[in-house]
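Chains X and Y supply the protein sequences, listed in that same order.
Numbering-wise (the working numbering), the first sequence opens with residue 66 and increments by one.
Numbering-wise (the working numbering), the second sequence opens with residue 20 and increments by one.
Even glycine gets a Cβ: it sits at the ideal position worked out from N, Cα and C.
To keep things clear, I will list the structure first and then write my remarks on it.
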Amino acid sequence: MRIADAATSSFSPLSELRQNSAATSQSGHRAFGSDPTMKNSNPPDGTARSQIRNIRIDQLRNYRLPLPGIVSILHRVSGMLLFLFLPLVLWLFDLSLSSESSFDRLAQLSQNWVTRVVLLGLSWALLHHLCAGVRFLLLDLHLGADRVAALRSSVAVFAVSLSLTLVLALYVFGAL
Amino acid sequence: MAFGSRRVLVGAHYGLRDWLIQRVTALVLIAFVFLVLCGVALSGHLDYGAWAGIFAPVPMKLVSVLAVLALCYHAWIGVRDIWMDYVKPAGWRLALHVGTILWLLYCLVWSIEILWSV
Chain X
66 MRIADAATSS FSPLSELRQN SAATSQSGHR AFGSDPTMKN SNPPDGTARS QIRNIRIDQL
126 RNYRLPLPGI VSILHRVSGM LLFLFLPLVL WLFDLSLSSE SSFDRLAQLS QNWVTRVVLL
186 GLSWALLHHL CAGVRFLLLD LHLGADRVAA LRSSVAVFAV SLSLTLVLAL YVFGAL
Chain Y
20 MAFGSRRVLV GAHYGLRDWL IQRVTALVLI AFVFLVLCGV ALSGHLDYGA WAGIFAPVPM
80 KLVSVLAVLA LCYHAWIGVR DIWMDYVKPA GWRLALHVGT ILWLLYCLVW SIEILWSV
C-alpha cells in the first residue's frame, strides 16, 4: 500500500532516494550496501551504473570504520560479553547476598587481580553498552541524527564510558 | 493478531514489536541501575547488612524480578539478532536460538531464587 501510494503521489520518496544516490556516486563517495531499487535504473544516457556490493571479508582490513560505526559494533560486542558472563555475574550476586560469610568470600575473591581485571572488563562492557544504548535511544527519537552531531555523540560515548572505567580501575587497584 | 478472513497475509510483523520491546526493556534496565546506585549511595559504608538491606524489602524484590525479566527479554532479542546476522545454517541457528532461550530462562529462575534467599 505505501509503495503504491508513493509511486502515484507527486512527491516520491523512492525517486528522492535515487537522486541522492546519484549525487553521492558522482562525488566519488561510495556507500556500502546496495539499494535493490537501483539495479535496473541505469541513467538515460546509456552509461552503465557501477554495481555496489557489500564488502568482502578480506576488504575489512582496508575499510576505515567511522567512529559511530565503532560505537555500534562495540555495542554489539559488549552486549554479547554481558550475555556470556551473565552466569558469573549471577554467581557473584549470589555470593554477595546469601550470607555474611559468602559476602566475605566475595571480598576475598576480589583481592585476586584476575577477578579484578575480569570485573573491570565487564564494567567497561556495561558502561559502553549503557552509554551507546542511550545514544541509540536518542537517535531513535531523531535527536542528533545529522552527521556532525552523530560523530560528536559517539565521541561522548567513548569519553564517558572510558573515563568512568578508568576511574573504576584506579579505585579497584587502590590508587584512589 | 487477526485470523480467518481478516488475517494479514504479508509479513510476521514481529520485527517492530521486538524493536520496541528492546527499547522499553532498555529504559527499565537504566532505571533499575540508577535505583541500585541510589541505594548504594544512600547506604553509606557498604557492608553485608547494608547491601542485603537494599534487596530485602519485598517491593525491591518485585522490582528486581521485573528488571531481570526485562534483562532476559532484552538479551534474547539482542543475541537472537546476532545469531541471525552471522549464523546462516538453519540447524546451527535453531540450536543456538533454543540454547539461548533455555539459558536465559535458567538465569531468570536462578536470579529469582537468589533474590528470595535474602
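Look at the beta carbons and you see the region 228 to 235 of chain X touching the region 173 to 193 of chain X: at least three pairs across the two are nearer than 8 Å. The beta carbon of residue 152 of chain X sits closer than 9 Å to some beta carbon of chain Y.
Residue 218 of chain X carries a helical assignment under DSSP once its states are collapsed to helix, strand and coil. The beta carbon of residue 170 of chain X sits closer than 8 Å to those of 160, all from its chain and outside the five residues before and after it, given in chain order. The beta-carbon of residue 181 of chain X is placed no less than 9 Å from the nearest beta-carbon of chain Y. Closest in alpha carbon position to residue 124 of chain Y, among X:175, X:151 and X:197, is X:151. Within the region 63 to 93 of chain Y, the residues whose Cβ lies closer than 7 Å to any Cβ of chain X are, in chain order, 67, 70, 71 and 74.
Taking C-beta atoms as the reference points, residue 132 of chain X and residue 229 of chain X fail to come closer than 9 Å. Taking all protein chains in view, the Cβ of residue 148 of chain X is crowded by 16 or more other Cβ atoms within 10 Å, so the residue is classified as buried.
At a cut-off of 9 Å between C-beta atoms, residue 57 of chain Y does not count as an interface residue with respect to chain X.
Judged by their CB atoms, residue 67 of chain Y and residue 164 of chain X are nearer to each other than the 9 Å cut-off. Of all alpha-carbon atoms in Y:30, Y:33, Y:37 and Y:129, the one lying nearest the alpha-carbon of residue 93 of chain Y is that of Y:37. In the structure shown, residue 177 of chain X falls within a coil segment according to DSSP collapsed to helix, strand and coil. Around the beta carbon of residue 53 of chain Y, fewer than 16 other beta carbons lie within 10 angstroms, which makes this residue exposed. Taking 9 Å as the upper bound on Cβ-Cβ separation, chain Y lies near residues 191, 195, 198, 199, 201, 202 and 205 of the region 183 to 213 of chain X.
DSSP places residue 138 of chain X within a helical segment (H, G or I) once states are collapsed to three.
Residue nearest to residue 198 of chain X within the set X:155, X:222 and X:179 is X:222 (criterion: CA-CA distance). Residue state for residue 117 of chain X is assigned as coil, using DSSP reduced to three classes.
For residue 134 of chain Y, the number of other beta carbons within 10 angstroms of its own is at least 16, and it is reported as buried. If you draw a 10 Å sphere on the C-beta of residue 178 of chain X, you find fewer than 16 other C-beta atoms in it, and that means exposed. Residue 112 of chain Y has its alpha-carbon roughly 7 Å from the corresponding atom of residue 103 of chain Y. Taking 8 Å as the upper bound for CB-CB distance, residue 144 of chain X and residue 194 of chain X are in contact here, some 6 Å apart. Close partners of residue 159 of chain X in chain Y (Cβ separation under 9 Å): 129, 130, 132, 133 and 136. Contact note: residue 163 of chain X reaches chain Y through 136, using a C-beta cutoff of 7 Å and chain order. Contact of residue 141 of chain X with chain Y by beta-carbon distance below 7 Å involves 101. Any Cβ of chain X closer than 9 Å to the Cβ of residue 112 of chain Y would place that residue at the interface, and such an atom is absent. Straight-line spacing of the CA atoms in residue 201 of chain X and residue 219 of chain X works out to 10 Å.
Per the coordinates, the alpha-carbon of residue 173 of chain X lies some 44 Å from the alpha-carbon of residue 110 of chain Y.
With fewer than 16 other Cβ atoms from the protein chains shown falling within 10 Å of its own Cβ, residue 113 of chain X counts as exposed.
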